[in-house]
Amino acid sequence: MLDDLDRPLGLDRTEQPEGGRKPLWSVGAVVAMTVAAGGAWLAAQQGVGLSGLGQQAPGGEPEARASIQPLPPPAPPAPQVQVQQAAPEAAQPGQQGEIENGVRVIRGGGAAGPAIIRVPDGAAAPLAPAPDARLVEKSRFGLLPKRGKDGATPAQVYARPRPAVTAPRIAIIIGGMGLNDVATQSAISRLPAAVTLAFAPYGAHLESLAGSAREAGHEILLQAPMEPFDNADSPGPHVIPAGDAPRAEDELHWQMSRMVGYFGVINYLGGKLTADRESVSALMAEFSRRGLNYVDDGSSPQSLAGEAAAEKGVNFLKVDVRIDETRKPEAIDAALIKLENLARQNGVAVGFASGLTMTSERIANYLADIRRGGVVLAPVSAAFAGDKR
């Protein structure tokens, strides 16, 4: 299949003799030898040797002149067909869209003609460099995000550029990034750049992996561990507690200092904290002061985060579908179809999934052909309603 794709695109340009024909250089040699031999024979018939060609023969007899002209230069090779770089799109009426070797091939339904190759946009628009000096401040833990004096915010500057699309949109967040280097690198490389990655504040190479994700075009979130109802479920140290404002502020600042370049925060657990009105209000006040967006992962039905965000002026979004809550391939596929249907109904839908390799693979397979359903993938930053970034 690779040869069939390469040859019409002009990528396989190695000259091979066809049908027993000689290469151009051997044809020129034969022509030159033939002309030279013909000149020698004609000169001999006139009593002239090769050394006497071009001189008058004795007795005034006429002479023949055989000039040997250099061969014309070979014709330039045919121009190569350029591959059109474009985001994958739905086949038009009367066309067939197929995925072959990761490339969409659209073949015309009428008269035979060249295939149109549309290559998915691998070269994502680069994100703004991080840290932006306007948007950080030093603390005893390290650099923390803040609003710039010019009004710029991390939510504005660090988010992926908003796509100009009117089709129904789905946004997908992959959490647990940074906890496992191999799984994180796999998600960064396998998933489209429009997928948002959420990094937990643990991991030995967190800052480096977060930077790699942004270099690949993925916008990132801080996945902040918060106190759950059952302390046995605590994910690790530095969890933001409920009902202890000074300690909550310290733990939040520690988490925030672990990396740079995130445009917002999403909770990890936090059922107890987000159900406590005073605690969640203090959290949202801090996000508002620092110019960060907030995403509720949808794991706690008692969460008051939406109300508190509205009170404090924080841009808020809630996940619609938890994609791999049941970690079976068929359940993940069904959740993705549910997400797609919600996007058609509401214009936009947000899904959240863990960073498990199996989940990432199912999502990557689904996204490879998403536009057949008339739905497009967008970064989660573009899913906020009434964006106050």
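Everything in the sequence shown is counted per full-length UniProt numbering, starting at 1 for the first residue and increasing by one.
Yeah, the Cβ is synthetic: ideal placement off N, Cα and C, and Gly gets one too.
Counting C-beta atoms within 10 angstroms of its own C-beta, R147 has 16 or more neighbours from the protein chains shown and is therefore classed as buried. Counting only runs of 3+ residues, the beta strand (DSSP E) found wholly inside the region 268-345 occupies 293-296, 316-318, in chain order.
The beta carbon of K312 sits closer than 8 Å to those of S281, M284, A285, F287, S288, all from its chain and outside the five residues before and after it, given in chain order.
The beta-carbon distance between A216 and I174, rounded to whole angstroms, is 13 Å. This is too long to meet the 8 Å contact definition. Contact check between the region 128-141 and the region 348-362: fewer than three CB pairs, one atom from each, fall below 8 Å, which does not count as touching. An exposed status is given to H205, since fewer than 16 other beta-carbon atoms sit within 10 Å of its beta-carbon. Proximity to P154 across A198, S257, R290 peaks at R290, based on C-alpha coordinates. Ranked by Cα distance from T274, the first of S299, A343, E330 is S299.
Three or more beta-carbon pairs drawn from the region 355-372 and the region 315-329 are found closer than 8 Å, and the two stretches are therefore classed as touching. Judged by DSSP secondary structure, R190 falls within the alpha helix (DSSP H) whose first and last residues are 181-190.
For I173, the enclosing beta strand (DSSP E) stretches over residues 169-177. L222 is positioned such that its CB atom lies no closer than 8 Å to that of P192. Ranked by Cα distance from A383, the first of A232, D181, P161 is P161. By the beta-carbon neighbour count (other beta carbons within 10 angstroms, threshold 16), K272 is buried. Shortest Cα-Cα distance from L269 to any of I172, A385, A171, G176 involves G176. Nearest neighbour of S186 by Cα position, chosen from I266, E207, V165, A213, turns out to be A213.
A straight-line Cα-Cα distance of about 29 Å links V157 and P246. Distance from the CA atom of I220 to the CA atom of V375, rounded to whole angstroms, is 22 Å.
Look at M358 here: in three-state DSSP terms it is helix. The residue from A334, V239, K328, D320 with its alpha-carbon nearest to that of Q345 is D320. Around the beta carbon of T184, a 10 Å sphere encloses 16 or more other beta carbons of the protein chains shown; the residue is thus reported as buried.
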